[in-house]
Amino acid sequence: MPDQANAVDAFVGQRIRMRREGLRMDEKNFGAALGVSVAQVRSYEQGTGRVCATQLLTMADVLQVHFSFFFEDALGATDGGKDVSTSMVFRSRIVRRWRIIRPGLWGGRTLVLSVG
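Just remember that our numbering sits 241 ahead of the position in the sequence shown, which is counted from 1.
As structure tokens, then:
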């Protein structure tokens, strides 16, 4: 059971980070909105710090999602035959790298990226 709990904490942390980065919100502003330090935000996102139910509801509000967002596909689900947590890590990496791309890099053309 502890391994499963740690896996869920890590999965929820990945979802938190993915959504925060998708909103282009930095750790400092996210932490301020939650009333916690940047170190605590990192702890949540790395899955080393557990998020209590009240804090999870606050996060959902700040991140503009339903609280169930953090658990979607978390337990026993697969995504195209792959483990969902692996898929979510991949998506999170794409979001982080996407932010690096500078406007105008594509010469005014639109780039469409589909993940999933």
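All C-beta atoms, glycine included, are put in the ideal place defined by N, C-alpha and C.
Excluding five sequence positions before and after residue 313, the CB atoms of its chain that fall closer than 8 Å to its own CB belong to 256, given in chain order. If only complete runs of 4 or more residues are kept, the stretch 274-324 shows the alpha helix (DSSP H) at 279-287, 294-303, in order along the chain.
CA-to-CA, the gap between residue 304 and residue 262 works out to about 10 Å. Taking the C-beta atoms as reference points, residue 292 is found nearer than 7 Å to residue 285. Around the CB of residue 254, 16 or more other CB atoms lie within 10 Å, so the residue is classed as buried. Only residues of its own chain outside the window of five on either side were considered, and among them none has a CB closer than 6 Å to the CB of residue 273.
A residue is called buried when at least 16 other Cβ atoms come within 10 angstroms of its Cβ; residue 265 does not meet this threshold and is exposed.
Rounded to whole angstroms, residue 249 and residue 311 show a C-alpha spacing of 10 Å. Just so you know, the alpha carbons of residue 308 and residue 260 end up roughly 12 Å apart.
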